[in-house]
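Asker:
Protein chains: 2
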Amino acid sequence: MSALPGGAAEAVPLRAVDVASTRDRLLAAARSVVEEHGYGGASVAAISVAAGVANGTLYRHFGSKAELFVEVFRDVCGREVDAMRAAVEQVGQDGRPDPVERVLAPLDVFARRALQNRTLAWALLAEPVDALVDEVRLEYRRTYRDLLVGLLADAVDAGALPPQDAGLTAAALVGAVGEALVGPVSPRAEPASGTDDSLLSGLRDVCRRATGAPPRGPDRLPQGDGDRR
Amino acid sequence: MSALPGGAAEAVPLRAVDVASTRDRLLAAARSVVEEHGYGGASVAAISVAAGVANGTLYRHFGSKAELFVEVFRDVCGREVDAMRAAVEQVGQDGRPDPVERVLAPLDVFARRALQNRTLAWALLAEPVDALVDEVRLEYRRTYRDLLVGLLADAVDAGALPPQDAGLTAAALVGAVGEALVGPVSPRAEPASGTDDSLLSGLRDVCRRATGAPPRGPDRLPQGDGDRR
DNA sequence: CCACCATGTGAACCGCGATTCACCATGAGC
DNA sequence: GCTCATGGTGAATCGCGGTTCACATGGTGG
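Those sequence lines, one after another, are chains A and B. With the UniProt record's numbering as the guide, the letters of the first sequence map in order to residues 1 to 229. With the UniProt record's numbering as the guide, the letters of the second sequence map in order to residues 1 to 229.
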């Protein structure tokens, strides 16, 4: 960035860029910085640079850094929820709306997307953030949970799952997936546990069991069939 | 300096034993501050006040704040592990070493202790901490996991659980318990879900299911003990 | 009795990163 | 053309909290 005094027009063509879009550029820049360096690396300076604006410009559009990130997190979390909801719909599509599958599908999508964008997932799940932003996180965790609670209740009503405290199971599921992901997702994860695919399928197994669903196919304990370790 | 509520921090014996080195007082003070205000509230100033020493004294005994907390976390986490191990031993004690119970017992203790000291649990589980301290946390998470992995493998070998990826199940269990606790444990939790006892028993159910253990009672488990809190 | 070391003191220092502010462009309306 | 209003700039400011340092103090050995 050349620091010519008074040369405001040179960094980015001003007219080409809609005035309203600086705000959007900041939002996009913030998201992109978080995706790359996590919330910890998302200083005001870094965001400004990424957006191609000056430090202070941020404050023309947002009351504070935290406010900016509240919007970013809302946006990103919203996408996650949408994707999870879409996955649930998808299940009914192929003609056989297995109620257990409707519980597992969004979890699978959640995990899959997290693995695809680990730094972002880390920021969304566990990274230290502003108190204000943290509330958004909590808010969305609740949303995830509520989504699952509904699906679990449906499955129980349909007789596909044993009666249970759906709220607790939902929380446990979110936690199980979250924890199993936090390892691989956090900085410098060892690939000790194997590929992402094996992680995903293993996770699906644990989740299925946690809901109390009978093992695939026969409703009997798989006794003595091959063991893997 | 008057930032701390005077009464609370005084729990630490101030001048009982001079010889009981200042170092120990600092460690105790640090732990006590974390227990009360979390790591976030554990500034050097707060700790010094709680220990009844000056700001700089801390640096006569520890290279940095982080080093102090490495020791504190090691200590606290060690207690947790000890308690969990003891719980496992306890199971064998009454003559009936149910392998599934040996998996659930430490989880139960973990949850129970967390609920008893929520702020501390929060700090241990999820609160943002120094990188150095974070490594200790990771180290102990792994310890928890390894403990469970061993017990799970035993149970599988004994035929009490279906074959499974023990490492993944262990991570999921820790995560499930953690998440289910983080809600109640984090600032301003609503008691919406009921009492701690119901939480604990529900948690036990989910965990049992997640391991793939057959539902309570029906099968061949030695006795029909009606309830066990 | 004095030098000395260990330990304690707390005000000053410092780096970091969010926030502010005095000052410019530019476009719209008069 | 002149004047606001809007949006942009980036160096200065500020608050926070960890760390340092010049200065006690008190017990010990020479």
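All C-beta atoms, glycine included, are put in the ideal place defined by N, C-alpha and C.
#1: Cα separation between D130(A) and M84(A)?
#2: With D82(A) and V91(A) assumed to form a contact (beta carbons below 8 angstroms), what rounded beta-carbon distance in angstroms separates them?
#3: So which residues of chain A does P128(B) contact, with C-beta pairs closer than 7 angstroms?
#4: Would you kindly work out how many angstroms separate the C-alpha atoms of L68(B) and A172(A), rounded to a whole number?
#5: Can you give me the start and stop residues for the alpha helix (DSSP H) that F69(A) sits inside?
#6: With respect to the alpha helix (DSSP H) encompassing Y59(B), which residues constitute its N-terminal and C-terminal limits?
#7: I need the straight-line Cα distance from D196(B) to D165(A), nearest angstrom please.
#8: Alpha carbon to alpha carbon, how far is P106(A) from R60(A)?
#9: Count the other CB atoms within 10 Å of the CB of G95(A); is the residue buried (16 or more) or exposed (fewer)?
#10: Would you mind working out which of R25(A), V70(A), S64(A) and G40(A) sits nearest V49(A), comparing C-alpha positions?
#11: Do C77(B) and Y140(B) have their CB atoms nearer than 9 angstroms?
#12: With 16 other CB atoms within 10 Å as the buried threshold, where does residue 284(A) fall?
#13: Can you list, in chain order, the residues of its chain whose CB lies under 6 angstroms from that of T143(B), leaving out five sequence neighbours each side?
#14: Any beta-carbon of chain A closer than 9 angstroms to the one on T119(B)?
#15: Mapping DSSP to helix, strand and coil, what is N55(A)?
#16: Please confirm whether T211(B) and V100(B) have their CB atoms less than 9 angstroms apart.
#17: Using a 10 Å radius around the Cβ and a threshold of 16 neighbouring Cβ atoms, would you call P75(A) buried or exposed?
#18: Could you tell me which chain B residues have their CB closer than 7 angstroms to the CB of D165(A), listed as they occur along the chain?
#19: Please determine, among P214(B), L181(B) and V156(B), the residue with the shortest C-alpha to C-alpha distance to L199(B).
#20: Considering Cα atoms alone, identify which of E36(A), R23(A), V33(A) and R79(A) is closest to G56(A).
#21: Is the distance from the Cβ of L132(B) to the Cβ of V33(B) below 9 angstroms?
#22: Comparing C-alpha positions only, which one of R137(B), A158(B) and A153(B) sits nearest to A66(B)?
#23: Is there a Cβ from chain B that is less than 9 angstroms from the Cβ of T195(A)?
#24: Hey, does V103(B) have any beta-carbon neighbour from chain A nearer than 9 angstroms?
#25: Using a Cβ-Cβ distance under 9 angstroms, would C207(B) count as near chain A?
#26: What are the boundary residues of the alpha helix (DSSP H) that A131(B) is part of?
#27: Starting from L161(A), trace the alpha helix (DSSP H) in both directions and tell me its first and last residue.
#28: Roughly how many angstroms separate the alpha carbons of Q93(B) and R31(A), rounded to a whole number?
#29: Using a Cβ-Cβ cut-off of 6 angstroms (strictly less than) and excluding sequence neighbours within five positions of A153(B), which residues of its own chain qualify?
#30: So, using beta-carbon positions, are E179(A) and V174(B) closer together than 9 angstroms?
#31: According to a CB-to-CB cut-off of less than 7 angstroms, which residues of the UniProt domain "HTH tetR-type" (20-80) of chain B neighbour chain A?
#32: Once you ignore the five residues that flank P214(B) on each side, which residues in its own chain have a CB closer than 6 angstroms to its CB?
#33: Step through the CB atoms of chain A and report whether any lies within less than 9 angstroms of the CB of T211(B).
#34: Just how far apart, CA to CA, sit D205(A) and A176(A)?
#35: So for A210(A), helix, strand or coil by DSSP?
Answerer: Reading off the structure:
#1: Roughly 26 angstroms separates the two Cα atoms.
#2: Contact between D82(A) and V91(A) fails: their C-beta atoms lie close to 15 angstroms from each other, not under 8 angstroms.
#3: P128(B) reaches chain A at P128, counting residues in chain order whose Cβ is nearer than 7 angstroms.
#4: For L68(B) and A172(A), the gap between their C-alpha atoms comes out near 33 angstroms.
#5: Here the alpha helix (DSSP H) through F69(A) covers K65 to Q93.
#6: Segment L58 to H61, the alpha helix (DSSP H) holding Y59(B).
#7: So the alpha carbons of these two residues sit roughly 14 angstroms apart.
#8: The straight-line gap from Cα to Cα measures roughly 38 angstroms.
#9: Label assigned to G95(A): exposed.
#10: Ranking R25(A), V70(A), S64(A) and G40(A) by Cα distance to V49(A) puts R25(A) first.
#11: Yes, Cβ-Cβ distance for C77(B) and Y140(B) is below 9 angstroms.
#12: Absent from the structure is residue 284(A), since the part of chain A shown begins at 1 and ends at 229.
#13: Close CB contacts of T143(B) within its chain, under the 6 angstroms cut and outside five residues either way in sequence, are with V81 (chain order).
#14: T119(B) does not count as touching chain A.
#15: Here N55(A) sits in helix by DSSP.
#16: Taking 9 angstroms as the Cβ cut-off, T211(B) and V100(B) qualify as a contacting pair.
#17: The question names Pro, yet the displayed sequence has Asp at residue 75(A). Around the Cβ of D75(A), a 10 Å sphere holds fewer than 16 other Cβ atoms; the residue is exposed.
#18: The answer, in chain order, is G202.
#19: Ranking the options by Cα distance to L199(B), first place goes to L181(B).
#20: It is R23(A).
#21: No, Cβ-Cβ distance for L132(B) and V33(B) is not below 9 angstroms.
#22: Checking every option, the nearest Cα to that of A66(B) belongs to R137(B).
#23: By this cut-off, T195(A) is not an interface position.
#24: The Cβ of V103(B) sits no closer than 9 angstroms to any Cβ of chain A.
#25: The beta carbon of C207(B) sits closer than 9 angstroms to some beta carbon of chain A.
#26: Taken as a continuous stretch (DSSP letters only), the alpha helix (DSSP H) holding A131(B) covers A131 to D157.
#27: No alpha helix (DSSP H) contains L161(A), which DSSP labels as neither H nor E.
#28: Straight across, the Cα-Cα distance linking Q93(B) with R31(A) is about 55 angstroms.
#29: Around A153(B): A166.
#30: Taking 9 angstroms as the cut-off, the beta carbon of E179(A) is found closer than this to the beta carbon of V174(B).
#31: Going along the UniProt domain "HTH tetR-type" (20-80) of chain B in chain order, one finds no residue with a Cβ nearer than 7 angstroms to chain A.
#32: Scanning its chain for C-beta atoms nearer than 6 angstroms, with the 5 sequence neighbours on each side dropped, one finds no residue around P214(B).
#33: Yes, contact with chain A.
#34: Answer to the nearest angstrom: the Cα atoms are 12 angstroms apart.
#35: In the structure shown, the three-state DSSP call for A210(A) is helix.
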